[in-house]
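First the structure, in the form of structure tokens, and then the observations on it.
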Amino acid sequence: MKKQFKFLAYALLVSVLITSCSNDDNDDNGSSSLGAYDNGYFVLNEGNGNPATASVTFVGDEGIVVEDVFRLVNPTADEVGSYLQDIFFDDTRAFIISGSANQVTVVDRYTFEYIATIDSNFSAPRYGTVENGKAYVTNSADWSTGADDFLTIIDLEDYSTTTLVVGDYAEKITSDDDYVYISNGYYGSGNAVTVLNTNTQTMTSIDLGTGNSPNSILEEDDDLYVLSYDYASNGKIFKINTATNAIESTIDLPASLVGAKNLKIENESFYFTVDASVYSASMSSTTISDTALLTYSSTSTYGVMYGFNVEDDKIFISDGGDFNSNSNVYEYSLNGTLLNTITVGVGPNSFHFN
Amino acid sequence: MKKGILFLLIVFFSLSVIAQTKLDSVQQLEEVVLKADRYLKTFTNTQKVQTLKDTVFSRSAPSLTQLLNYNSTLYFKENGLGMVSSPSFRGTTAQQTAVAWNGININSQFNGQTDFNTINIRNFDGVSIRSGGGSVLYGSGAIGGSIHLNNNISFNEGFNNSVYANYGSFNTLDVGVKSGFSSKQFSVDVAVSRSSSDNDYDYVDSDKTNLNGAFYNQSISANFGYKINAKNILKFYSYLYDGEREFSFIFPSETPTKYQDLNSRNMLEWNGVYGKFVSTLKLAYLTENYKYFANSNLDTYSFGKAKTLIGKYDLSYRVFKDAMLQGVVDITNTSGEGSSIDNNKRTISSFSLLYKQQVKSFFYEATIRKEVTNNYDSPLLYSLGLQYKFGNHYTLNINGSKNFRIPTYNDLYWEGSGNVNLKPETSQQIEIGNQLDFKHLSFSATGFYNNIKDMIRWLPTGSVWQPVNTDHVETYGVESKLDFKYHIKEHQFSLGSSYAYTISKNKQTNQQLTYVPKHKVTGLFNYQYKRAALYYETLYVGEVLTLEDDDPKYILDAYLVSNMGLSYALGKQKQFTVGTQIKNLYNKNYQSVASRYMPGINYNFYLNFNF
């Protein structure tokens, strides 16, 4: 019964999308009918270890919510794994990382149709990015040391893999113009950023200084922005010139903001979080106010602000809840008004926009 | 509190006076002291005790999980065949099921539970299942019930030897050798067992295989008895277990992990019978060691090791022929440490008083226990059981008790998460048991209600877990058992069946606890003709919630699994039995724990030789 209902909902959704797309005459390459999940975002629900609790929820621009997209579209495909860590995209594909299964599942970005499972050369994979025809995935390997952390490099033609040892904590990753940037921070350990030239496979390390352990990294207009925090010092936002690999400027966060994470940029503003609060500051300002833009209410012991993003003039927050039942996503306007509350899966940890 | 104890004592004695039965001065030593776990006989009269041995053993796989899953109302959550297995007794948790080795509680000091796949039944003479609270008798964890692994020391029986060997699918080997000798004064028996399996079964309806699931375990037990004289017996029980398990994969690319256990148990016991007094002194030394390899390919591991020294003295006094009073003092000293636990010691002393009396068809037993320790506040525990026999066929039992479970080493001392302010979990329960006995048929049904407070719970969260006294759980239900035996000439039929209906609700959410089925049924049909036996056993486990969310996608389906077996006895005294079994006869695809597939149809052959 439930399955039938899901199928009907899915069919309805597809027909709505197809109908709406077919009226769009300006589209010459058909990109607006790329698939049922073209317009909206995915929420990654990491689950609690049992693969049945790991899932991907789709939220369409019209507010339509589709639970467990992967199993809905691919009922007989190999499972994506458990402790789902990250989704990253290239132009047509989505790559779903499972930390415990040591695998990456490749699906069509817009239809979510299963393409392949890549399961060689991973050891506790973390985050991924695509650059220059290859995917780069960070791996923690043995959690107790950063020395063995490495990259899995996936050839996107045939999904073959090779590895490259980073030799420092390899966590968050981003890329642009043939370069891959890795934040070498892991829960307060590590204080550098590694730059990888994908043409030569040579690496350069940028030292952020003792006590500055990076937890977010992003690239915007040829500059790299890194948010750091550990117990020894104030949080800082570093701006790094990607042409020279030099730290161009540093903004200190107020001492009252302890444990800042989740740096995002939207409309020339920084956004980041501390506990259940969201803060923002103009990118041109040199100081940051400790007045929160918004604070959401959470009863979660360990899953406060488990996922965070800012996109298309909206703020997205996911709450980890008790990691033992379905949890929620909250959509806010940029001025902090709650727009929507959406029930998703177990342990929602990130947002990925189509 | 003191007034309450005094009151109880007065009640006992005044009732004793009413029963003017003559004391039988001749005590038979054998009757009183041959079993290490005497409470099962002496103070468990108003609760149900089921004992499994002999034929049931030889037809069962060697793990305690398999034995109890098919032969009792206990529910098991097994992470794939042979992997971590935790029981739920009357809807309680694994930690609320006590396991006693010859009367001594052996639940882990670290996690407070026993993994039922780390006990090999071939080292024991019998396994008893005792339903309902028993913390006064067996201490922490005896909330849902308790499981008893017993060795009997016998005298004057000459040589007794047995060899058991079983080989089956997935290169599964199960061997047990027992050898015993006893004279009038001496008794010795030694049992060695080994169980191993590649455990690489194919999943049903799938092209996947159970990977990284191999295991082995070996145990040796030795028990000695010496009658010093007509009044004194010395006994020594010894047990060593060594096992290694890989933890099976859900996905073939997972990092391989494995787990090793090394446990030893030794106990010296001195029984003395002096007129109306029976005195028992026990000294036990238990060790547990585990190593967990988060990556089997590396030499690094995390560990835990604990040593427990127990001294226990009990003195019972036969007040009248049909009345007994018993006092018990025990001291338990534990020291434990692990990768994430600093060395910690704790000492717990306890004092108990027990009384029972038969007054014609009416019987009652009452017990109290108080623990003293610096580590936490311990409540006064008690139980009261009443029994009345209505004629020869119907017995009514009523039992009420207060039980507890103490915080474990992990709960208290785990680095960065342990909570030293925890209280013990407590449970108040009442049960009414009905027992019907006829020539060919017996039937029992017990209704129970259990109110468990301050349940300790580790929140399953991202990177940090912490235990808190949070949950309030109410369990209630019915346990029933039907046994039927009949024979026409040389055709013997027997039917054994159990059914448990269990509601186990978190009072806050009013939702059934995860991994507690509302229904569990077992059935065993046996037909024997002369030397041949054919049997069919079946197990039904109802659906369970896997998360605290009743979203249907997190519900694990019910399953019905059936096994069939054939055996034939050879030799003059039928001392040689050969048998074969087909397990999961209908090749049912089922999971006990979500995503942990169990094997499909599989086979084994066994020999049992007694001489």
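Protein chains in written order, with our numbering: chain A, 9 to 362; chain B, 2 to 612.
All C-beta atoms in this analysis are idealised placements derived from N, C-alpha and C, irrespective of residue type, glycine included.
Starting from residue i, trace the beta strand (DSSP E) in both directions and tell me its first and last residue.
i       : result
F58(B)  : From DSSP, F58(B) is part of no beta strand (DSSP E) but of the alpha helix (DSSP H) over D55 to S59.
V51(A)  : G48 to N53
L381(B) : L381 to F391
L150(B) : G146 to N151
Q429(B) : E426 to D438
T160(A) : F158 to D163
Q509(B) : Taken as a continuous stretch (DSSP letters only), Q509(B) belongs to no beta strand (DSSP E), as it is neither H nor E.
L567(B) : Y560 to L571
F331(A) : No beta strand (DSSP E) contains F331(A), which DSSP labels as neither H nor E.
S613(B) : There is simply no residue 613(B) to check, as chain B begins at 2 and stops at 612 in what is shown.
D200(A) : Note that residue 200(A) is Ala in the sequence shown here, rather than Asp. Start and end: A200 to N205.
V286(A) : S285 to S290
E274(A) : K269 to E274
G68(A)  : S63 to G68
Applying the 10 Å Cβ sphere with the 16-neighbour rule, what's the burial state of residue i?
i       : result
S168(A) : exposed
K180(A) : buried
P408(B) : buried
G305(B) : buried
V286(A) : buried
A101(B) : buried
Q576(B) : exposed
Q509(B) : exposed
S362(B) : exposed
I190(A) : buried
S596(B) : buried
Q114(B) : buried
Pick helix, strand or coil for residue i, following the three-state DSSP scheme.
i       : result
I229(B) : coil
S239(B) : strand
F90(B)  : coil
F78(A)  : helix
P553(B) : helix
S136(B) : helix
I407(B) : coil
R117(A) : coil
R319(B) : strand
T66(B)  : helix
G463(B) : Reliability fails at G463(B), whose pLDDT of 45 lies under 50, so the model's placement of it is uncertain and the value that follows must be treated cautiously. G463(B) falls in the coil class under three-state DSSP.
D230(A) : coil
Q97(B)  : helix
D412(B) : helix
D33(A)  : Confidence in D33(A) is poor, its pLDDT being 40 and thus under 50, which makes the residue's placement unreliable; the coordinate value appears in the next sentence. It is coil, neither helix nor strand.
S28(A)  : Annotation note: pLDDT 44 at S28(A) (below 50); position unreliable, coordinate value reported separately. S28(A) falls in the helix class under three-state DSSP.
DSSP puts residue i in a beta bridge; with which residues?
i       : result
R597(B) : V594(B)
S180(B) : N162(B) and V191(B)
R347(B) : T335(B)
F612(B) : DSSP output for F612(B) lists no bridge partner at all.
H360(A) : F50(A)
A501(B) : E480(B) and K521(B)
V274(B) : V279(B)
K36(B)  : N153(B)
W102(B) : I105(B) and L150(B)
G448(B) : I433(B) and V479(B)
I123(A) : Note: I123(A) sits in no beta bridge, so no partner.
P222(A) : S236(A)
Residue range of the alpha helix (DSSP H) that residue i falls in?
i      : result
F44(B) : Neither: F44(B) is in no alpha helix (DSSP H) and is coded neither H nor E.
For this session: Could you list the residues in the region 47-73 of chain A with a C-beta less than 9 Å from some C-beta on chain B, going in chain order?
Result: E54, N56, G57, N58, P59, A60, T61 and S63
Exercise. What residues in the region 71-96 of chain A have a beta carbon less than 9 Å from any beta carbon of chain B?
Worked result: E75, D76, R79, D86, E87, G89 and S90
For this session: Could you list the residues in the region 250-283 of chain B with a C-beta less than 9 Å from some C-beta on chain A, going in chain order?
Result: F250, I251, F252, P253, S254, E255 and T256
Exercise. Any residues in the region 481-512 of chain B with a beta carbon nearer than 7 Å to a beta carbon of chain A? Which ones, in chain order?
Worked result: none
Exercise. Listed from N- to C-terminal order along the chain, which residues in the region 112-133 of chain A have their beta-carbon within a distance smaller than 8 Å of any beta-carbon of chain B?
Worked result: D127, S128, F130, S131 and A132
Exercise. Residues in the region 326-346 of chain A with C-beta within 8 Å of chain B's C-beta atoms, listed in sequence order?
Worked result: G328, D330, F331, N332, S333 and N334
For this session: Report the residues of the region 527-561 of chain B with a CB closer than 8 Å to any CB of chain A, ordered along the chain.
Result: T547, L548, E549, D550, D552, P553, K554 and Y555
For this session: Check distances from the C-beta atoms of the region 92-123 of chain B to those of chain A and list, in chain order, the residues that come in under 7 Å.
Result: none
For this session: Could you name the residues of the region 298-330 of chain B whose beta carbon sits closer than 7 Å to any beta carbon of chain A, in the order they occur along the chain?
Result: none
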